[in-house]
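Protein chains in written order, with our numbering: chain A, 52 to 242; chain B, -19 to 175; chain C, 794 to 992.
Working notes, structure below.
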Amino acid sequence: MSDYLLLMVSAILINNILLAKFLGNCPFLGTSKRMDTAMGMAMAVVFVLTLSGVITWLVQYYVLIPLNIEYLQTIFFILVIAFLVQFVEIVLQKTAPALFRALGIYLPLITTNCAVLGVAIININEEFGFFKTMFYSFSSAVGFGLALVLFAGIRERFALVRIPKPLDGTAIGLITAGLMALAFSGFAGLV
Amino acid sequence: MREILRLVVVLSIICAVAGFSLALVHKVTKAQIDYQQVKFVKEPAVKRVLTGYDNDPIKDRKELEIGKDKYGRPQFLLVFPAKKEGKTFALAMETYGKGYHGDEGVMVGIDVESGKLTGIGITSHSETPGIGAKAVEPSFTDQFKDIAIQEDVKKKSDGGKIEALSGATLTTNGVLSAVNSALKYYKELKDKLIS
Amino acid sequence: MAFGKEFTKGFWDLLPPFRLVLGLCPTLAVTTSAENGLGMGLAVTFVLVCANCIISLIRKVIPSKVRVAAFIVIAASFVVITELVMKAYFYSLSTLLGIFIPLIVVNCIILGRAEAFASKRGVIDSFADGLGIGLGFTISLTVLGCIREVLGYGAIFGHNIMWESFRPFSFMVKPPGAFVCLGLLLALINFISMRQKAR
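Okay, structure coming up:
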């Protein structure tokens, strides 16, 4: 059990997927200008990432390895993720319209969120078992959500202050993210 | 209906062409990738246990199937021959033994002519730092040099020559069992390996 | 002169990842040294040029409903080719870039150019566009890699260039340094282009 706890703390705080592993930075900067979009994106990522982590794991061990075509991993995984996102979109639309309205517009963006494909590949590279994969995918996604929401909280305040013109927009966002990464690197002493 | 048919046909053609060309590239690069991977991971250990060869042991390696892993993939024993003027005079092979924390990989060098070990190198382990992890240090691995291979290699407490690592009996046992399984393979497959 | 124009816009007007804020993940992650930046940039350029050409060639056959799926398959195929070739001939570089090679497939630059350019224009223009944007990306990554390597290790392409008493500023090669460095560089580029406009 402590194994799992350690994995979770490490995935959320220490090796945060956004701030230490640099996965998923495009949506991080793109959807963090307002708190509600950040929340929506965070929820959508937690949902899809956990699901896709598990499914790509199954694809790897029950399709690619038995057929001896591991070299096609990249192409299979990205197709699985793309189809999964489409599928989730349709299912949500039919069964949970309220949830769909909240997450809908973020779902198509997730296909090209490299955190999703990245975590799927990390699961395989680290040779995680099925439950560890599930756990790690979920924790990473929570780490992504946490960083995104915190970052959006900071970014909302930029509207209230005067920022030098050349720094306005993405530039100040990147520097802020750097300071956040610095703060998160303080968690390294936890484990 | 025709529209959907068109979608399916176009996508299938794209996928088929992609799949075919990837299979082709895979076939062309496979030998080179295997070579690079083995060279990158194993060459330092091979160099530690073998000296005085004029061939490329990585290129001349032999892979012998020794079983399957839990996914049904074949597992191979990697054997690296050291040759001089085309004649194999020593071998290195990588075997595994169970340590305190999971498997330990050991590169075992065997001198074919004198029937002695040329040395061992630990290639992978996850033992406790400061205790079991001392297995990688020369003070431990050097003990295996020039030990005759007629019998199994043993610890001093079992009447052999190897001084166990203090506080790390399981680690020592793991290394010994890896070495002994290498000796077993060597004795069984000697003719196949040297030719 | 369309070819020249499409080619050169990648070096300033659409210089990724500064003007075209796409493909940030590899930019931040692999630029700990100039060599890694250059390697990553060239890998992306290769995939971008090939994908652009193929997509432009078959743009009239691809039904628009499934175009994104088709783009992904085409891009992913070239990524796998890059992956295999790198493993075979540049093994140590491929272990350094690691997971970011397969991730080229979700690099928004590839799909972005496919959607915005290659699916609408001819092969020659698409080739020029891919090459220009790809090389612009390579230059950005290499420059960023140089800055971080010089400040973080006191070296450039692995050669020491700083004076003896120089104390490496290891913050630069750690994750926070990546964000701050890229942010400042982006601000600098914004500043230059604002001055140009004001004139």
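Backbone N, C-alpha and C define an ideal beta-carbon position, used for all residues, glycine too.
As the structure is a computational prediction, the values presented were derived from the model and not from experiment.
DSSP three-state assignment for residue i, whether helix, strand or coil
{"i": "C:MET794", "result": "With a pLDDT of 48 at C:MET794, under the threshold of 50, the modelled position of this residue cannot be trusted; read the value that follows with caution. Here C:MET794 sits in coil by DSSP."}
{"i": "C:GLY951", "result": "coil"}
{"i": "C:ALA869", "result": "helix"}
{"i": "C:THR801", "result": "helix"}
{"i": "B:ILE177", "result": "Because chain B here runs from -19 to 175, residue 177 of chain B falls outside it and cannot be looked at."}
{"i": "A:LYS145", "result": "helix"}
{"i": "C:TYR884", "result": "helix"}
{"i": "A:PHE189", "result": "helix"}
{"i": "A:ILE161", "result": "helix"}
{"i": "C:PRO819", "result": "helix"}
{"i": "B:ALA148", "result": "coil"}
{"i": "A:ARG213", "result": "coil"}
{"i": "C:PHE972", "result": "helix"}
{"i": "A:GLU177", "result": "coil"}
{"i": "C:VAL808", "result": "A small correction: the amino acid at residue 808 of chain C is Leu; Val does not occupy that position in the sequence shown. Coil at C:LEU808, not helix or strand."}
{"i": "B:THR31", "result": "coil"}
{"i": "A:THR107", "result": "helix"}
{"i": "A:THR221", "result": "helix"}
{"i": "B:LYS10", "result": "helix"}
{"i": "C:ARG941", "result": "helix"}
{"i": "C:GLY915", "result": "coil"}
{"i": "C:GLY855", "result": "Looking at the sequence shown, residue 855 of chain C is not Gly but Ile. Looking at C:ILE855 - three-state DSSP - the assignment turns out to be coil, as it is neither helix nor strand."}
{"i": "A:LYS84", "result": "coil"}
{"i": "C:ARG960", "result": "coil"}
{"i": "C:PRO895", "result": "helix"}
{"i": "A:ASN67", "result": "coil"}
Beta-bridge partners of residue i, as assigned by DSSP
{"i": "B:PRO61", "result": "B:LEU71"}
{"i": "B:GLU43", "result": "B:LEU58"}
{"i": "B:VAL86", "result": "B:THR75, B:ILE102"}
{"i": "B:ASP91", "result": "B:ALA70, B:LYS96"}
{"i": "B:ALA128", "result": "B:LYS96"}
{"i": "B:ILE142", "result": "B:LYS135"}
{"i": "B:LYS48", "result": "B:PRO54"}
Residue i burial status per 10 Å Cβ neighbour count (16 or more: buried)
{"i": "A:ILE175", "result": "buried"}
{"i": "B:GLN16", "result": "buried"}
{"i": "A:TRP108", "result": "buried"}
{"i": "A:GLY240", "result": "exposed"}
{"i": "C:ILE854", "result": "Checking the sequence shown, residue 854 of chain C turns out to be Val, not Ile. Burial call: exposed."}
{"i": "A:THR146", "result": "exposed"}
{"i": "B:GLU74", "result": "buried"}
{"i": "C:MET833", "result": "buried"}
{"i": "B:VAL8", "result": "exposed"}
{"i": "B:ASP122", "result": "exposed"}
{"i": "B:LYS136", "result": "exposed"}
{"i": "A:ALA149", "result": "exposed"}
{"i": "C:PHE972", "result": "buried"}
{"i": "B:LEU71", "result": "buried"}
{"i": "B:TYR166", "result": "buried"}
{"i": "A:TYR157", "result": "buried"}
{"i": "C:LEU815", "result": "buried"}
{"i": "C:LYS880", "result": "buried"}
{"i": "C:LEU835", "result": "buried"}
{"i": "B:LYS39", "result": "exposed"}
Listed by chain order, chain D residues near residue i by CB distance under 9 Å
{"i": "C:VAL873", "result": "Of the protein chains in the structure, A, B and C, none is chain D."}
- At least three beta-carbon pairs within less than 8 Å, the segment 136 to 143 of chain A to the segment 221 to 237 of chain A: The segment 136 to 143 of chain A is not in contact with the segment 221 to 237 of chain A.
- Query: Is the number of C-beta pairs between the segment 862 to 869 of chain C and the segment 927 to 937 of chain C that are closer than 8 Å three or more?
  - Reply: Contact fails: fewer than three Cβ-Cβ distances are below 8 Å.
- Query: Contact between the segment 799 to 814 of chain C and the segment 933 to 947 of chain C: three or more CB pairs below 8 Å?
  - Reply: Segments in contact, yes.
- Should the segment 822 to 841 of chain C be regarded as contacting the segment 890 to 904 of chain C, the criterion being three or more beta carbon pairs within less than 8 Å? Counting Cβ pairs under 8 Å, three or more are found: they touch.
- Query: Which residues, in chain order, does the segment 881 to 912 of chain C contribute to contact with chain A at a C-beta distance below 7 Å?
  - Reply: Shown in chain order are the members of the segment 881 to 912 of chain C whose Cβ falls below 7 Å from a Cβ of chain A: ILE892, PRO895, LEU896, VAL898, VAL899, CYS901, LEU904.
- Query: Do the segment 188 to 205 of chain A and the segment 69 to 83 of chain A meet, that is, are 3 or more Cβ pairs less than 8 Å apart?
  - Reply: Counting C-beta pairs with one atom in each stretch, the segment 188 to 205 of chain A and the segment 69 to 83 of chain A have three or more that are closer than 8 Å, which means they touch.
- Message: Using a Cβ distance threshold of 8 Å, determine whether the segment 22 to 38 of chain B contacts the segment 58 to 76 of chain B, with at least three qualifying pairs required.
- Response: At 8 Å Cβ cutoff, the stretches touch.
- Message: Can you pull out the residues from the segment 184 to 218 of chain A whose beta carbon lies closer than 7 Å to at least one beta carbon of chain C?
- Response: Per Cβ criterion, the list reads LYS216, PRO217, LEU218.
- Does the segment 141 to 154 of chain B come close enough to the segment 108 to 115 of chain B that 3 or more CB-CB pairs lie under 8 Å? With contact defined as three or more Cβ pairs closer than 8 Å, the segment 108 to 115 of chain B and the segment 141 to 154 of chain B are in contact.
- Query: Is it true that the segment 945 to 960 of chain C meets the segment 910 to 928 of chain C, where meeting means three or more beta-carbon pairs spaced less than 8 Å apart?
  - Reply: Counting C-beta pairs closer than 8 Å gives fewer than three between the segment 945 to 960 of chain C and the segment 910 to 928 of chain C, which falls short of the contact rule.
- Would you call the segment 229 to 237 of chain A and the segment 124 to 131 of chain A in contact, with 3 or more CB pairs under 8 Å? Verdict: no, contact absent.
- Message: Would the segment 96 to 106 of chain A count as touching the segment 177 to 197 of chain A if we require 3 or more Cβ pairs under 8 Å?
- Response: Using a C-beta cut-off of 8 Å, the segment 96 to 106 of chain A makes contact with the segment 177 to 197 of chain A, since at least three inter-stretch Cβ pairs fall below that distance.
- Query: Any chance the segment 836 to 854 of chain C sits against the segment 89 to 102 of chain A, with 3 or more Cβ pairs inside 8 Å?
  - Reply: The segment 836 to 854 of chain C, when compared against the segment 89 to 102 of chain A, does not touch it at the 8 Å Cβ threshold.
- Message: Three Cβ pairs or more, each shorter than 8 Å: is that satisfied between the segment 81 to 95 of chain B and the segment 40 to 50 of chain B?
- Response: Note that the segment 81 to 95 of chain B does not touch the segment 40 to 50 of chain B; fewer than 3 beta-carbon pairs, one per stretch, sit closer than 8 Å.
- Query: the segment 851 to 864 of chain C: which residues have C-beta closer than 9 Å to a C-beta of chain A, in chain order?
  - Reply: Within the segment 851 to 864 of chain C, the qualifying residues are VAL861, ALA862.
- Hey, is the segment 69 to 76 of chain A in contact with the segment 151 to 167 of chain A, meaning 3+ C-beta pairs nearer than 8 Å? Touching, per the Cβ criterion.
- Task: May I ask you to list, following chain order, the residues of the segment 812 to 823 of chain C that have a beta carbon less than 9 Å from some beta carbon of chain A?
- Result: Answer set for the segment 812 to 823 of chain C: VAL814, LEU815, GLY816, LEU817, CYS818, PRO819, THR820, LEU821, ALA822, VAL823.
- Do the segment 88 to 100 of chain B and the segment 116 to 134 of chain B make contact, defined as three or more Cβ pairs closer than 8 Å? Result yes; three or more Cβ-Cβ pairs closer than 8 Å.
- Message: Closer than 9 Å between beta carbons: that is the criterion. Which residues of the segment 941 to 975 of chain C meet it against chain A?
- Response: Residues PHE964, LYS967, PRO968, PRO969, GLY970, ALA971, PHE972, VAL973, CYS974, LEU975.
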